[in-house]
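Residue numbers (my numbering): 48 to 256. All C-beta atoms in this analysis are idealised placements derived from N, C-alpha and C, irrespective of residue type, glycine included.
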Amino acid sequence: MENKIFDEILKRKSIRLYQDKEIPGYIINRILIAGHAAPSPKNLQAWHFVVIKNKKLISKIMNTRLAARPEGPTMIENKDPSEPKQNLPSLLILVFLDRQKSVFFDPRYHGNTDKTDYAGVDEFSYSDIVSLGCVLQNMSLAAQESGIGSCITGDILEEGINPEIYDLVGVDKQMYEIITAIRLGYPLNPDEKSWAKKNELNEHIKIIE
């Protein structure tokens with residue numbers, strides 16, 4: 048009996064070095080479909096994806112805090128063509144919370160009939176964040192299955208990056224909240240083993256019978 052999904056889960060690792068190679072459209076579509084198939088509270092699907100292929104825009108979004116990043120300065124798309132660009136992903140998907148579809152703003156949850164009454168309130172529910180985590184895992188596994196490396200980028204929310212993203216991608220900050228992003232690209236070293244060793248499972252579980 049094949050355990051393909053289980054095997055892909057165990058093989059998945061964060062990839063931060065990429066080949067300078069485009070990802071075919073059909074693979075991008077599969078990754079997006081996988082993300083959209085994630086569970087969500089009340090099936091509200093409170094997510095919005097911005098898919099960025101433009102390398103200069105990817106660089107602009109990701110270069111604010113490069114000095115502190117382990118990947119180093121080559122994350123920026125260098126003007127000198129002789130400089131390496133392997134750290135720049137082929138694709139960046141920004142994942143936003145759709146405020147009007149959030150369980151926090153849902154009229155069924157609050158007894159209100161007008162969702163727009165809640166748009167712009169600077170809060171969201173834990174349930175929304177959990178569902179967006181499922182979106183990211185689905186995307187990451189769909190990428191893994193297609194030979195695409197991925198890295199979920201939580202520090203997209205760091206001060207200095209967050210405020211300008213909305214203008215850069217033309218998204219209304221009153222309607223959407225940037226939560227995270229996922230980098231995608233063909234691994235530069237596809238056979239390289241992960242340096243991060245997992246703890247023993249029994250260190251993290253408690254079983255009550």
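#### Entry: Cα-Cα separation, S137 to I75
11 Å
### Query
When the Cα atoms are used, what is the spatial distance from P237 to S178?
29 Å
### Check whether A93 and V182 have beta carbons under 8 Å apart
no
### Task
Assign F53 to buried or exposed, taking buried as 16 or more other Cβ atoms, counted over all protein chains shown, within 10 Å of its Cβ.
exposed
### Task
Would you list the residues sitting across from S61 in a DSSP beta bridge?
S197
### Message
Does L104 come out as helix, strand or coil in the three-state DSSP assignment?
### Response
helix
### Query
Count the other CB atoms within 10 Å of the CB of D219; is the residue buried (16 or more) or exposed (fewer)?
Under the 10 Å beta carbon count, D219 is surrounded by fewer than 16 other beta carbons and is classified as exposed.
### Query
Given that a residue counts as buried once 16 or more other Cβ atoms are within 10 Å of its Cβ, and exposed if not, what is N134?
buried
### Message
For G72, report the span of its alpha helix (DSSP H) as first-last.
### Response
G72 to H83
### Task
Tell me whether E247 is buried or exposed, calling it buried when 16 or more other Cβ atoms sit within 10 Å of its Cβ.
exposed
### Query
Would you call Q191 buried or exposed, if buried means 16 or more other Cβ atoms sit within 10 Å of its Cβ?
buried
### Task
Decide if S106 is buried, meaning its Cβ has at least 16 other Cβ atoms within 10 Å, or exposed.
buried
### Message
Alpha carbons only, please: which of A228, I229, Y213 and R230 is nearest the one belonging to M222?
### Response
Y213
### Task
Please state if the CB of K148 and the CB of L91 are separated by a distance shorter than 8 Å.
yes
### Message
Given this structure, state the Cα-to-Cα distance separating K162 from E224, to the nearest angstrom.
### Response
Residue placement at K162 is poorly supported in this model, since its pLDDT is 48, which falls under 50; the coordinates still yield a value, given next. If you take the alpha carbons of K162 and E224, they lie about 16 Å apart.
### Query
For the candidate residues G232, S241 and A243, whose alpha-carbon lies nearest to that of I140?
Closest by alpha carbon: G232.
### Query
Cβ of I62 within 8 Å of Cβ of S197?
By the CB criterion at 8 Å, I62 and S197 fall inside the cutoff.
### Task
Please report how far the alpha carbon of S241 lies from the alpha carbon of E256, in whole angstroms.
Distance between the alpha carbons of S241 and E256: 35 Å.
### Task
Please determine, among R77, L64, I108 and P234, the residue with the shortest C-alpha to C-alpha distance to V216.
I108
### Query
Smallest Cα separation from I199: which of K51, N50 and K60?
K60
### Message
Using only CA atoms, which one of I229, Y73, K103 and G180 lies nearest to P88?
### Response
G180
### Message
Helix, strand or coil, according to DSSP, for P234 in the structure here?
### Response
strand
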